[in-house]
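Beneath this line is the structure, given in structure tokens, with notes to follow.
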Ligand SMILES: Cc1ncc(COP(=O)(O)O)c(C=O)c1O
Ligand SMILES: Cc1ncc(COP(=O)(O)O)c(C=O)c1O
């Protein structure tokens with residue numbers, strides 16, 4: 087059992103509050119769940135009851151927990167619930183601190199995969215290696231001297247790549263960007279990091295989706311942000327709660343992944359998109375649009391980006407080649423107002439002195455060549471084929487026991503298990519049988535879900551993988 | 087003229103102290119220079135004299151300025167002045183914040199270079215493109231499928247590269263490292279960043295060399311560190327001041343670049359190395375050894391690393407391929423205790439989700455191949471040839487007007503101008519004539535120096551470049 091550190095300068099009640107916040111944050115106490123009583127918890131960790139009372143008071147003040155007459159303390163469910171202005175960008179250019187990340191199920195899965203044991207992998211959120219355009223990259227490397235003149239490059243990103251992205255963004259995402267409004271980053275991840283570290287300050291409140299991209303969570307936490315969750319349903323994230331979150335908690339930014347959302351695979355409904363931009367435009371709250379999956383769209387024409395209909399410059403747009411070309415290239419980008427790009431460029435120069443130039447050259451060449459369109463066509467076909475194999479396997483192995491929205495793009499299927507299930511135990515049983523997937527509770531507050539990444543396993547592994555999964559499920563629910 | 091922000095929450099005197107510290111830090115007031123009187127400064131920025139008195143008091147308390155009876159306030163010259171223990175690594179694993187960088191001369195130079203105008207470049211601190219092993223890289227790319235399976239990689243760095251570095255470190259630097267004690271970073275720069283952000287806390291005092299690597303300065307500043315400078319003379323950095331810095335300011339870390347130091351090109355004397363490790367070992371202060379230049383050693387056998395004689399695990403060792411292979415690959419590494427590597431790995435995963443895997447594969451292959459040794463031989467020859475051309479040109483163009491220590495390795499020559507000179511005007515005159523170099527005042531407190539990077543220009547540009555420089559110098563001193 088955790089114990090507060092009595093030699094620390096931080097007050098005991100603060101340590102306890104921080105500890106409980108972490109546990110809540112990492113899903114040990116989902117929204118609506120009951121916390122241990124003050125008395126009991128105080129006994130467990132050997133402090134006075136009044137210290138725990140004070141810690142809970144702290145959490146209550148920040149809206150994380152709430153007391154209910156006669157029935158203890160529970161984790162808040164955050165009740166969710168629009169004049170126009172451009173965000174005050176300059177005001178966002180202040181502060182940030184650093185803390186450590188954390189994993190749990192994901193670390194277990196990673197360790198299991200690292201053993202080298204043969205596993206069917208529905209967990210790694212990326213393409214299988216054969217889905218990357220390896221042959222095109224080989225050709226480009228042999229035709230062009232991409233490896234020559236490998237000197238320090240522009241910290242904002244290799245200019246020809248930014249030029250190629252101007253066309254890419256116009257053609258595929260309806261976004262009119264300029265070279266100088268694009269910052270190249272190490273995947274979308276580094277764009278998110280720079281935003282959380284440089285545009286927000288510790289203590290700032292932000293709204294994120296529930297569920298949402300796992301690896302953004304420790305990053306938000308490190309930046310000292312207070313997180314409020316907006317539920318995601320069939321039509322994507324619900325913008326209803328934004329106004330009241332703004333009034334109650336003064337949220338300063340909203341993070342969304344509108345197309346083929348990770349982990350649910352869902353697409354944000356057009357009227358909700360308008361509503362979202364409307365509300366945020368009125369309140370002057372920037373929306374961060376994280377858009378790594380759009381080009382996988384099985385039907386060919388991905389839903390438009392929020393940025394393409396953003397008239398108030400409310401949106402910071404983030405893209406990546408990780409989910410369409412190769413995640414290990416580490417090529418991502420942000421489209422943002424010039425002042426933001428300039429400041430974040432300075433920041434990133436301090437962090438890493440710019441991205442390696444070789445992958446940037448490959449990306450620039452690839453995006454400007456015919457290879458890219460051909461690659462996308464093949465990618466979409468293969469991905470929809472793998473999705474179909476997964477659906478077939480689920481229907482065969484678990485008829486009536488699971489439900490899901492059929493993803494029309496992206497890498498993931500979000501699968502509800504109809505009977506109640508402990509997803510940690512399910513993972514354990516799965517690993518015993520040689521299959522890994524991600525327990526849904528990793529991503530947010532909804533329980534009873536599993537994320538299957540159909541993009542990762544080989545086609546002939548999908549059926550056997552789901553049959554192992556079905557066995558694991560039977561071992562857990564019986 | 088700067089003015090304090092009266093709407094800020096920060097007290098006026100604190101704003102003023104922070105502002106003056108920045109000006110001092112960026113060289114506007116070199117050590118020993120006199121600050122404006124409290125009365126005059128108060129008038130200029132429209133505050134009460136007592137507020138400036140309070141601000142100066144603050145700076146005095148942190149040892150940055152000192153008052154002299156009857157002659158005002160001046161920037162401290164920092165007077166520099168040993169039982170053993172391993173640094174308490176765990177204690178270093180806390181805190182950090184983020185601020186923006188700054189440039190001045192360097193930004194001017196960069197902008198000038200970016201215009202595309204033909205300039206002879208003694209300013210960019212890197213190899214000319216032809217000195218990189220382009221042919222070897224081309225061969226490796228055509229022989230191996232380095233571009234296949236570009237999935238997310240280990241955030242600590244590509245395992246075969248860490249393995250190759252274990253041999254490299256043993257063979258070339260006498261360091262016994264293990265795969266798990268190596269963290270691959272985006273150049274040495276990211277290693278320094280992770281150290282300053284993650285192992286130190288705002289307000290911590292550290293000792294650095296005077297002069298020192300320019301781009302580390304904004305990074306230190308961002309981390310909120312208080313900097314104390316140890317002078318570098320013919321024998322490298324003087325360890326004498328460490329003890330008193332420790333006593334007076336409780337310095338928590340020391341940053342040194344012992345071999346072919348940037349910008350002076352000097353090598354730390356063997357007895358000073360022992361003394362440095364001795365003192366720091368006694369005090370338990372970690373020494374960060376920044377070692378990017380050693381393998382350029384013209385004589386072939388570089389001076390040993392501090393890390394190779396470090397019995398107390400006092401040294402965090404940082405290396406890079408930037409100065410020996412190519413800076414745009416962004417391959418660097420840190421050798422550190424496992425606990426430090428683990429924590430910094432988590433931190434870097436949050437920042438960028440790991441380095442691009444392609445340059446790491448190229449580096450791994452290159453280091454494990456015969457190409458590498460052959461490349462080093464050619465590199466050393468060419469660099470010493472360029473150094474000779476520079477020396478010849480200086481002797482021809484400016485006999486008796488400049489002095490320097492002859493560098494035995496590295497990329498830079500640190501050139502003293504014997505007559506007093508305003509190095510900013512010298513740069514201006516140089517740029518008019520088509521030559522760029524770095525004014526010495528960028529690096530620290532010594533004035534009247536210029537850094538020439540002989541590695542960067544082509545051999546046939548060196549003579550003409552120095553002749554332009556000589557004209558510029560005559561325009562300034564006459
Ligand atoms: C929604 C979302 N955003 C961002 C990322 C980060 O990806 P990268 O940094 O590789 O672009 C991921 C990766 O899984 C993701 O799913
Ligand atoms: C002394 C020193 N350290 C570190 C660096 C950073 O180099 P890199 O990040 O490219 O390895 C430099 C670059 O000039 C340097 O001179």
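Protein chains in written order, with my numbering: chain A, 87 to 564; chain B, 87 to 564.
Where a beta carbon is used, it is the ideal one built from N, C-alpha and C, also for glycine.
Keep in mind the model is a prediction, meaning the values are calculated, not measured.
Integer Cβ distance of residue i from residue j, believed to fall under 8 Å
i                      : j                      : result
residue 281 of chain B : residue 374 of chain B : 6 Å
residue 210 of chain B : residue 539 of chain B : 6 Å
residue 531 of chain A : residue 296 of chain A : 6 Å
residue 451 of chain B : residue 233 of chain B : Wrong, their Cβ atoms sit about 12 Å apart, outside the cutoff.
residue 137 of chain B : residue 98 of chain B  : 5 Å
residue 372 of chain A : residue 402 of chain A : 6 Å
residue 292 of chain A : residue 323 of chain A : Contact flag wrong, Cβ pair sits at about 13 Å.
Selected residue, minimal CA-CA separation from residue i, among the options
i                      : options                       : result
residue 405 of chain B : B:313, B:273 and B:526        : B:273
residue 526 of chain A : A:541, A:216 and A:508        : A:508
residue 383 of chain A : A:462, A:89 and A:204         : A:462
residue 202 of chain A : A:120, A:520, A:477 and A:388 : A:520
residue 443 of chain B : A:423, A:465, A:416 and A:425 : A:416
residue 119 of chain A : A:102, A:289 and A:161        : A:161
residue 522 of chain A : A:551, A:506 and A:476        : A:551
residue 467 of chain B : B:302, B:409, B:484 and B:495 : B:495
residue 238 of chain B : A:215, A:253 and A:233        : A:215
residue 497 of chain A : A:139, A:543 and A:132        : A:543
residue 116 of chain B : B:533, B:340 and B:513        : B:533
residue 254 of chain B : B:506, B:459 and B:500        : B:459
residue 205 of chain B : B:564, B:563 and B:513        : B:513
residue 260 of chain B : B:441, B:266, B:395 and B:564 : B:395
residue 158 of chain B : B:127, B:476 and B:123        : B:123
residue 445 of chain B : B:224, B:196, B:103 and B:93  : B:224
residue 408 of chain B : B:128, B:488, B:541 and B:265 : B:541
residue 359 of chain A : A:265, A:325, A:430 and A:350 : A:325
residue 350 of chain B : B:129, B:488, B:500 and B:145 : B:500
residue 455 of chain B : B:251, B:357, B:483 and B:362 : B:251
Residue i: CB within 7 Å of a non-hydrogen atom of ligand 2
i                      : result
residue 344 of chain B : no
residue 538 of chain B : no
residue 376 of chain B : yes
residue 237 of chain B : no
residue 322 of chain B : no
residue 348 of chain B : yes
residue 570 of chain B : What the structure shows of chain B is the stretch from 87 to 564, and residue 570 of chain B is not part of that stretch, so it cannot be assessed.
residue 418 of chain B : yes
Opening and closing residue of the beta strand (DSSP E) in which residue i lies
i                      : result
residue 306 of chain B : Here residue 306 of chain B belongs to no beta strand (DSSP E); instead the alpha helix (DSSP H) covers 302 to 308.
residue 317 of chain A : 312 to 319
residue 274 of chain B : Taken as a continuous stretch (DSSP letters only), residue 274 of chain B belongs to no beta strand (DSSP E), being part of the alpha helix (DSSP H) at 273 to 280.
Residue interval of the alpha helix (DSSP H) (run including residue i)
i                      : result
residue 502 of chain A : Taken as a continuous stretch (DSSP letters only), residue 502 of chain A belongs to no alpha helix (DSSP H), being part of the beta strand (DSSP E) at 498 to 503.
residue 516 of chain B : 509 to 518
residue 137 of chain B : 135 to 147
Cβ-heavy atom distance, residue i to ligand 1, below 7 Å
i                      : result
residue 299 of chain A : yes
residue 439 of chain B : yes
residue 218 of chain A : no
residue 408 of chain A : yes
residue 273 of chain A : yes
residue 211 of chain A : yes
Within 8 Å of chain A by C-beta, residues of the region 427 to 452 of chain B in sequence order: Considering only beta carbons, the part of the region 427 to 452 of chain B lying closer than 8 Å to chain A consists of 429, 432, 433, 435, 436, 437, 438, 439, 440, 441, 442, 443, 444, 445 and 448, in chain order.
Scan the region 261 to 272 of chain B for residues whose Cβ lies nearer than 8 Å to a Cβ of chain A and list them as they occur along the chain. Within the region 261 to 272 of chain B, the residues whose Cβ lies closer than 8 Å to any Cβ of chain A are, in chain order, 271 and 272.
Taking beta-carbon pairs under 7 Å, can you tell me which members of the region 408 to 421 of chain A lie near chain B? Here the close residues are 412, 413, 414, 415 and 416.
To be precise: take each residue of the region 202 to 227 of chain A, compare its Cβ to all Cβ atoms of chain B, and keep it if any distance is under 8 Å. Which residues remain? Hits within the stretch, in order: 210, 212, 213, 215, 218, 220, 223, 224 and 227.
Chain-ordered residues of the region 231 to 256 of chain B with a beta carbon less than 7 Å from chain A: Those would be 233, 234, 235, 236, 237, 238 and 239, in chain order.
Between the region 296 to 308 of chain B and chain A, which residues of the former have CB atoms less than 8 Å from a CB of the latter, in chain order? Taking a C-beta cut-off of 8 Å against chain A, the contacting residues of the region 296 to 308 of chain B are 301, 304, 305 and 308, listed in chain order.
Could you name the residues of the region 270 to 289 of chain A whose beta carbon sits closer than 7 Å to any beta carbon of chain B, in the order they occur along the chain? Interface annotation for the region 270 to 289 of chain A against chain B: 272, 273, 275, 276, 279, 283 and 284, criterion Cβ-Cβ distance under 7 Å.
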